[in-house]
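Enquirer: Residue numbering for the sequence shown follows numbering that gives the first Met the number 0, starting at 0 and increasing by one per position.
I'd like to ask some things about the structure below.
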Amino acid sequence: MTLRNIKSVQKTLGLLLTVFSSTMLTPVAIALIYQETTSIIFVTSFLITGLFGLSLWLPSRKADTEIRLHEGFIIVASFWVVLALFGALPFFLLPQLDLSVTNAIFESTSGLTTTGATILTGLDELPRSILFYRQQLQWLGGLGIVVLAVALLPILGVGGMRLYRAESSSAIKESKFTPRQKETAKALASIYVILTAVCVVCYKLAGMNFFDALSHGFSTVAIGGFSTHDTSLGFYHDSPYVYRVAIIFMFLAGVNFSLHFFAWKNKSIISYLKNTEFRAYCYLLILVFFVAAAAIIFSNTGIKESTTITEIIFQVVSIGTTTGFTTSTYGAWPLFVPFLLLVLSFVGGCVGSTGGGLKVIRVLLLYKQGTREIKRLIHPSAEVPVILNGRSVDQKILDSVWGFIAAYLAILVIMVCMLVASGLDVLTSFSAIAASLNNLGPGLGEVFSNYSSLETFPKWVCIIGMVLGRLEIFALLILFTRAFWRE
Numbered sequence: 000m001t002l003r004n005i006k007s008v009q010k011t012l013g014l015l016l017t018v019f020s021s022t023m024l025t026p027v028a029i030a031l032i033y034q035e036t037t038s039i040i041f042v043t044s045f046l047i048t049g050l051f052g053l054s055l056w057l058p059s060r061k062a063d064t065e066i067r068l069h070e071g072f073i074i075v076a077s078f079w080v081v082l083a084l085f086g087a088l089p090f091f092l093l094p095q096l097d098l099s100v101t102n103a104i105f106e107s108t109s110g111l112t113t114t115g116a117t118i119l120t121g122l123d124e125l126p127r128s129i130l131f132y133r134q135q136l137q138w139l140g141g142l143g144i145v146v147l148a149v150a151l152l153p154i155l156g157v158g159g160m161r162l163y164r165a166e167s168s169s170a171i172k173e174s175k176f177t178p179r180q181k182e183t184a185k186a187l188a189s190i191y192v193i194l195t196a197v198c199v200v201c202y203k204l205a206g207m208n209f210f211d212a213l214s215h216g217f218s219t220v221a222i223g224g225f226s227t228h229d230t231s232l233g234f235y236h237d238s239p240y241v242y243r244v245a246i247i248f249m250f251l252a253g254v255n256f257s258l259h260f261f262a263w264k265n266k267s268i269i270s271y272l273k274n275t276e277f278r279a280y281c282y283l284l285i286l287v288f289f290v291a292a293a294a295i296i297f298s299n300t301g302i303k304e305s306t307t308i309t310e311i312i313f314q315v316v317s318i319g320t321t322t323g324f325t326t327s328t329y330g331a332w333p334l335f336v337p338f339l340l341l342v343l344s345f346v347g348g349c350v351g352s353t354g355g356g357l358k359v360i361r362v363l364l365l366y367k368q369g370t371r372e373i374k375r376l377i378h379p380s381a382e383v384p385v386i387l388n389g390r391s392v393d394q395k396i397l398d399s400v401w402g403f404i405a406a407y408l409a410i411l412v413i414m415v416c417m418l419v420a421s422g423l424d425v426l427t428s429f430s431a432i433a434a435s436l437n438n439l440g441p442g443l444g445e446v447f448s449n450y451s452s453l454e455t456f457p458k459w460v461c462i463i464g465m466v467l468g469r470l471e472i473f474a475l476l477i478l479f480t481r482a483f484w485r486e
């Protein structure tokens with residue numbers, strides 16, 4: 000990279016850190032409202048982060064803002080890596096939490112990547128300012144997922160679809176939403192904010208107090224899964240309307256936000272109905288619901304008497320979209336059901352959503368390519384195209400999907416082996432890595448509800464897994480290749 004390229008990246012990262020530091024002042028207001036003594040922690044974190052950001056931005060403020068694709072990858076990766084490091088400051092500095100550097104970075108990374116795994120306990124007794132800060136981290140991370148690749152394009156000077164490809168690791172893109180990408184970014188941001196606001200209002204109407212409604216509205220639309228209670232949304236097990244609100248907004252957040260944009264622009268839901276990925280997303284959730292319901296109904300555990308249909312739907316949508324909220328009865332369900340839902344999280348949400356996982360469209364293309372190969376075996380000379388949304392999918396796209404899934408599975412196996420080698424049992428190791436890579440949060444075994452029991456090494460493996468999953472592997476791995484840095 001040339002000095003000009005380095006200065007351009009430095010300028011953008013400095014700007015990102017400076018803007019991010021300002022979000023640390025919001026919890027100060029919460030601390031003042033609830034008369035907590037945590038204000039100094041957030042002010043200190045704000046000053047450290049802001050000054051560091053300014054130290055990067057000021058020397059490079061006159062640098063050329065025209066950035067190539069290479070710098071685009073660095074900036075997208077740095078959004079979560081650098082911000083997660085500085086985002087850990089309030090967790091590390093707060094004496095009441097008494098967190099190590101590793102635990103603070105774990106919590107911050109989990110928040111910004113919208114994973115939802117936590118090492119904190121006794122959430123109900125913690126200061127509301129730190130609870131709000133956790134929820135805010137997830138909301139900002141979700142906003143970054145939906146908008147960053149498009150919102151910064153006018154500043155970065157990188158082609159819209161090219162940088163968005165770095166964020167989604169997918170060559171499957173619709174044509175540009177509007178002639179001006181800046182307008183598209185504003186539209187996506189507006190949709191995200193409006194969806195959050197409506198979710199908050201609905202939670203309040205469903206019976207939550209305003210603080211919980213705001214906090215859970217943030218983590219629901221971000222598909223994050225952080226809660227202000229140790230029992231997650233199970234805290235509201237006597238309020239079925241809370242579950243219903245969560246179901247609706249988790250489902251919507253798991254949909255490609257470009258479809259929300261087209262529906263908003265055209266004042267019609269036809270964009271949803273015509274989209275193959277959206278239909279597959281709906282069918283898959285419905286199928287898993289019936290399987291999970293049957294498993295619970297025909298189980299001999301007695302849990303079926305205390306489990307409602309709403310709770311089953313809630314849990315399927317929560318894990319299926321990789322949100323990670325849990326109900327009060329989830330831990331007592333037959334092991335097959337939580338394991339089934341963990342497998343479902345590998346599919347995750349739609350591309351262009353705040354969800355994690357492989358994404359529905361990739362799994363759908365994998366299925367379509369598999370059926371094509373069967374047809375080719377029957378008719379070796381036939382030309383059998385893979386059709387998606389009424390159009391033939393280019394072979395290069397199919398190859399990229401295979402490459403992504405191969406890399407995904409390889410990383411999964413390697414990381415699971417690393418955790419097993421550290422002394423964890425296979426179930427805990429597999430579910431912890433699956434929950435990290437899929438940005439899900441809750442796993443099985445020792446990490447069913449909390450990751451505090453893990454040693455330092457497994458936590459760092461999970462931290463890396465969260466970032467890899469959020470950047471969909473390639474956008475981070477490419478930074479470690481020699482060819483990327485070649486002049």
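Every residue, glycine too, gets a C-beta built ideally from N, C-alpha and C.
Please read all numbers here as calculations on a predicted model, not as lab measurements.
Quick check on DSSP: helix, strand or coil for residue 373?
Expert: It is helical.
Enquirer: Would the beta-carbon of residue 94 fall within 7 angstroms of that of residue 37?
Expert: Taking 7 angstroms as the Cβ cut-off, residue 94 and residue 37 do not qualify as a contacting pair.
Enquirer: Three Cβ pairs or more, each shorter than 8 angstroms: is that satisfied between the stretch 221 to 241 and the stretch 314 to 333?
Expert: They touch, by the three-pair rule.
Enquirer: Helix, strand or coil for residue 109 per DSSP?
Expert: Of the three classes helix, strand and coil, the one that applies to residue 109 here is helix, per DSSP.
Enquirer: Should residue 58 be labelled buried (16 or more other beta-carbon atoms within 10 Å of its own) or exposed?
Expert: By the neighbour-count rule (16 or more Cβ atoms within 10 Å), residue 58 is not buried but exposed.
Enquirer: Taking the alpha carbon of residue 318 as the point to measure from, which residue in 331, 454 and 336 has its own alpha carbon closest?
Expert: Per the Cα distances, 336.
Enquirer: Am I right that residue 201 and residue 244 are in contact with their C-beta atoms under 8 angstroms? What's the rounded C-beta distance?
Expert: Residue 201 to residue 244, Cβ: 4 angstroms. Contact.
Enquirer: Compare the C-alpha of residue 90 against each of 70, 39, 74 and 75 and name the closest.
Expert: Ranking 70, 39, 74 and 75 by Cα distance to residue 90 puts 39 first.
Enquirer: Touch check for the stretch 448 to 462 and the stretch 360 to 377: three-plus C-beta pairs under 8 angstroms?
Expert: These segments do not touch.
Enquirer: Please report the distance separating the alpha-carbon of residue 80 from that of residue 310.
Expert: Going from the Cα of residue 80 to the Cα of residue 310 covers about 35 angstroms.
Enquirer: Grouping DSSP H, G and I as helix and E and B as strand, with all else coil, what is residue 357?
Expert: It is coil, neither helix nor strand.
Enquirer: What's the C-alpha gap between residue 350 and residue 34?
Expert: Each residue's Cα considered, the two are about 42 angstroms apart.
Enquirer: Going by beta carbon distance, what residues of the same chain come within less than 7 angstroms of residue 332, once the five residues before and after it are set aside?
Expert: Cβ neighbours of residue 332 beyond the five flanking positions: 295 and 302.
Enquirer: Suppose you measure from the CA of residue 60 to the CA of residue 413; what does that come to, to the nearest Å?
Expert: Taking the straight line joining both Cα atoms gives about 42 angstroms.
Enquirer: Can you give me the C-alpha to C-alpha distance between residue 5 and residue 354, rounded to a whole angstrom?
Expert: Distance between the alpha carbons of residue 5 and residue 354: 32 angstroms.
Enquirer: Taking a contact to mean a Cβ-Cβ separation below 7 angstroms, would you say residue 115 touches residue 224 in this structure?
Expert: Yes, these two residues count as a Cβ contact at 7 angstroms.
Enquirer: Per DSSP, residue 390 forms a beta bridge with which residues?
Expert: In DSSP, residue 390 forms a bridge with 387.
Enquirer: Tell whether a beta-carbon distance below 7 angstroms holds between residue 254 and residue 288.
Expert: Contact: no.
Enquirer: Unbroken alpha helix (DSSP H) runs of length 4 or more, entirely within the stretch 425 to 476: which are they?
Expert: Counting only runs of 4 or more, we get 425 to 436, 455 to 469 and 473 to 476.
Enquirer: Measuring only the C-alpha atoms, how far is residue 334 from residue 430?
Expert: Going by the C-alpha atoms only, they are around 13 angstroms apart.
Enquirer: Using a threshold of 7 angstroms, state whether the C-beta atoms of residue 20 and residue 48 are closer than that.
Expert: Result yes, Cβ atoms of residue 20 and residue 48 sit closer than 7 angstroms.
Enquirer: DSSP three-state label for residue 15, please.
Expert: Correct three-state label for residue 15: helix.
Enquirer: Would you call the CB atoms of residue 52 and residue 16 closer than 7 angstroms?
Expert: Yes; because the gap between Cβ atoms is below 7 angstroms, this pair is in contact.
Enquirer: Which residue from 100, 143 and 260 puts its Cα closest to that of residue 190?
Expert: Residue 190 has its Cα closest to that of 260, out of 100, 143 and 260.
Enquirer: Are residue 7 and residue 134 closer than 7 angstroms when you measure CB to CB?
Expert: Contact: no.
Enquirer: Quick one: complete alpha helix (DSSP H) runs, 4+ long, within the stretch 32 to 100?
Expert: List check, alpha helix (DSSP H) in window: 38 to 59, 68 to 86 and 88 to 92.
Enquirer: Could you please give the first and the last residue of the uninterrupted alpha helix (DSSP H) stretch that includes residue 264?
Expert: Its alpha helix (DSSP H) spans residues 256 to 265.
Enquirer: Put residue 484 into one of helix, strand or coil per three-state DSSP.
Expert: Of the three classes helix, strand and coil, the one that applies to residue 484 here is helix, per DSSP.
Enquirer: Taking the Cβ atom as the reference point for each residue, do residue 195 and residue 462 lie within a distance shorter than 7 angstroms?
Expert: Not in contact: residue 195 and residue 462 (Cβ atoms no closer than 7 angstroms).
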